[in-house]
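Trainee:
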Amino acid sequence: MALPLDHAPDSTATGPAVAEGNARVVALDGATAWLEPEPHSSCGGCVSAAMCGTKSGNAKRMAFKRFPLTGHPGLQVGDRVVVGMAQQSLLRASAVAYGLPMATMLAAMVVTDKITHADGPTILAALGGLAGGFLLARPLAGYLSRRGELTPHFLRRAYGPGQDEECHSK
Amino acid sequence: MQDLVLLIVSAALVNNVILARFLGLCSFMGVTTKVDTAVGMGMACTFVITVSSMADWGVEVYLLSPFGLGYLRTVTFILVIAAAVQFTEMVIRKVSPALFQTLGIYLPLITTNCAVLGVALLLVEGKMNFIQSTVFAFASSLGYSLVMVIFAGLRERTALAAVPRLFAGPPIGFITASLLALAFMGFSGMSTN
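Taken in sequence, the protein lines are chains G and U. My numbering puts the first residue of the first sequence at 1, with every later residue one more than the last. My numbering puts the first residue of the second sequence at 171, with every later residue one more than the last.
1) Out of U:Met355, U:Ala331, U:Leu273, U:Pro340, point me to the one whose CA is closest to Thr207 of chain U's CA.
2) At what residues does the beta strand (DSSP E) containing Met85 of chain G begin and finish?
3) Nearest by alpha-carbon distance to Phe300 of chain U: which of U:Ala225, U:Arg191, U:Gly200, U:Ala329 is it?
4) So, Cys284 of chain U versus Leu193 of chain U, is the Cβ gap smaller than 9 Å?
5) Would you kindly work out how many angstroms separate the C-alpha atoms of Ala332 of chain U and Gly339 of chain U, rounded to a whole number?
6) Does the segment 215-225 of chain U touch the segment 247-265 of chain U, meaning 3 or more C-beta pairs lie closer than 8 Å?
7) Near Arg157 of chain G, what residues of its chain come up, given a Cβ to Cβ distance below 8 Å and the 5 sequence neighbours on each side ignored?
8) Taking Cβ-Cβ distances shorter than 8 Å, what residues in chain G pair up with Asp206 of chain U?
9) Can you check DSSP and say which residues form a bridge with Pro37 of chain G?
10) Within the continuous alpha helix (DSSP H) that includes Thr216 of chain U, where are the two ends?
11) Per the DSSP calculation, Asp119 of chain G is bridged to which residue(s)?
12) Name the DSSP beta bridge partners of Asp113 of chain G, please?
13) Let me make sure I understand the geometry here. Which of G:Glu36, G:Gln88, G:Leu91, G:Leu75 has the alpha-carbon closest to that of Gly30 of chain G?
14) Using a beta-carbon distance cut-off of less than 7 Å, what residues from the segment 219-252 of chain U approach chain G?
15) Check whether the segment 100-115 of chain G touches the segment 186-203 of chain U, counting contact only when three or more Cβ pairs, one atom from each stretch, lie closer than 8 Å.
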């Protein structure tokens, strides 16, 4: 039953929130199933999505994104599943991948511009800051990976047509 | 420094990409169902917009303007943005394959949406230098992320609220967005940039 706005519970009070994503089993290797994320639009796929073409990549790019899932022997090639991870982990992953390099790049750029007041050194400092940020991100990503925060977990099977499939296929 | 602060306020709040310039509305309505996802998506978009705008600034200043190729600007910028996104994905894959796979499942990078291209074109219009253009792009994307997060929070609340059936779903979303735009109009006049 819907609650009035002032009585709506905080989403964090009901337990850890989970980010969900769909994937398809593309190969089986013993007890390990290899999954490929289903291509989906990062803009959420509005009604005009069929025309605008913002889907996230071709088959070759998607192959790079394959990931293993162990301990689910019932899965067959072609099965669609929903995988999930804690929202907080996703937040940390995006902070490491995007936030940290961005912060180091901006810091290096602003400091250099204050000192030199010229575009050339500022551009070099920005590139250096970006590279430095990615170098710093490597051990942090390794730390998150060792803690298992970057591992997607099986939530349930997904039913119905995939993102690129018709409901009423010919 | 003061001019950079004014530029940030102007780009993030006064001339907000979503609520004042009406760019990036598809992701605004599409991925703002959970606050945490919106924060993650905001960070990804901020990165893409800032880095691709830096590359677009370089292409404009060192290639298009000197050789009088302004008529190729839109198509060139689209290519530069797509290349910047591909490059970012390659770097993240090298830095950490696990991170790349995780982000690939839940947070695919936006390639060329109207907000990314729009900010790059606004840089050219503003005739800014490198630091100004980068800070402008960063602030614009910060404003974009801010609105996405606020809107996601509001939608989390309205999802649990007693909304009349006629207004449930997208209609209440649009009404909320319009109220948010009215609220952001309160910032107009803070900066003339």
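No residue lacks a Cβ here, since even glycine has one placed at the ideal position from N, Cα and C.
Mentor: According to the structure data:
1) Looking only at U:Met355, U:Ala331, U:Leu273, U:Pro340, the smallest Cα-Cα distance to Thr207 of chain U is reached by U:Leu273.
2) For Met85 of chain G, the uninterrupted beta strand (DSSP E) segment begins and ends at 80-86.
3) It is U:Ala225.
4) When the beta-carbon positions are compared, Cys284 of chain U and Leu193 of chain U come within less than 9 Å of each other.
5) So the alpha carbons of these two residues sit roughly 12 Å apart.
6) yes
7) So the list reads Asp79, Arg80, Val81, Val82, once near-sequence residues are dropped.
8) Chain G residues near Asp206 of chain U: Ala17, Ala19, Gln87, Gln88, Leu90, Leu91.
9) G:Ala23
10) 205-229
11) None, per the DSSP bridge assignment.
12) In DSSP, Asp113 of chain G forms no bridge with anything.
13) G:Leu75
14) Thr220, Met224
15) Between the segment 100-115 of chain G and the segment 186-203 of chain U, the count of C-beta pairs closer than 8 Å stays below three; the two stretches do not touch.
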